[in-house]
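To start, the structure itself, in structure tokens.
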Amino acid sequence: MTALLHSLFKSESSLAPLALRVPAGIIFAAHGAQKLFGVFGGYGLEATGQWMASIGLAPGYLMALLAGSAEFFGGLFILLGLLTRPMAVVLAFTMLVAIVTVHLDNGLFMSNNGYEFGLALLAISVSLAVSGAGRFGLDSWLQKFLSSENKPEVAAA
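Numbering (our numbering), first residue to last: 430 to 586.
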């Protein structure tokens, strides 16, 4: 079990993931809040669910709940650097579905509702899944905590 936890929280000691985590976490959380709560100009869960059903993602309400939750909670976790690798994998999958089902037929550019933005978020998510949270993520702190718990005690002389 400890080996699983170590691999889950393992992270590069670099600062580079921080530069990806902060903006991506904010963007994902905001997009999820649009879907779940109807804030920031979003339509909320019911309307987003109806739209998802209309494009063939049924049941729409469940798909909206899953996508919104992945984005909102995944974004918050990414921002904090907590469970970064699994959250990044979930977000990468979410972006892949969005690209294929919504944006791919519109071409690359955002001006045509293309997949440009989704592709950038997919790339960030894949990068974070590979690197982990980096030096200033909660994963690094948890990794150090788990490592210190498993050190054998030294007998007093």
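All residues carry an ideal CB built from backbone N, CA and C; glycine is no exception.
- Excluding the 5 residues preceding and the 5 following P452 in the sequence, name in chain order all residues of the same chain whose CB lies nearer than 6 Å to its CB. none
- Task: Within 10 angstroms of the Cβ of Q572, are there 16 or more other Cβ atoms? Answer buried if so, exposed if not.
- Result: buried
- Task: In angstroms with no decimal places, state the Cα-to-Cα distance between N535 and L449.
- Result: 26 Å
- So, helix, strand or coil for A482, using DSSP? helix
- Task: Report back the beta-carbon spacing between A458 and G563 to the nearest angstrom; my notes put them in contact at under 8 Å.
- Result: Contact flag wrong, Cβ pair sits at about 18 Å.
- Query: Under a three-way DSSP split, which group does V645 fall into?
  - Reply: Examination of residue 645 is not possible in this model, given that the chain is present from 430 through 586 alone.
- Message: Using C-beta distances below 7 Å, list every residue in its chain close to G473, excluding the 5 sequence neighbours before and after it, in chain order.
- Response: Contacts found: F466 and G467.
- Taking the C-alpha atoms as reference points, what is the distance between A499 and F574? 27 Å
- Query: Helix or strand or just coil, what does DSSP make of A552?
  - Reply: In this structure, A552 counts as helix in the three-state DSSP scheme.
- Message: I believe A462 touches G471 by the beta-carbon criterion, under 8 Å. Please report the beta-carbon distance rounded to the nearest angstrom.
- Response: 7 Å
- Compute the distance between the beta-carbons of I528 and G503, then report whether it is under 9 Å. no
- Item | 8 Å contact criterion, which A493 and G510 should meet: CB distance rounded | Contact doesn't hold; Cβ gap of about 27 Å is too wide.
- Query: Can you tell me whether DSSP reads K464 as helix, strand or coil?
  - Reply: K464 falls in the helix class under three-state DSSP.
- Query: Looking at C-alpha atoms only, which residue of A487, T530, G566 and S443 is the closest neighbour of L512?
  - Reply: G566
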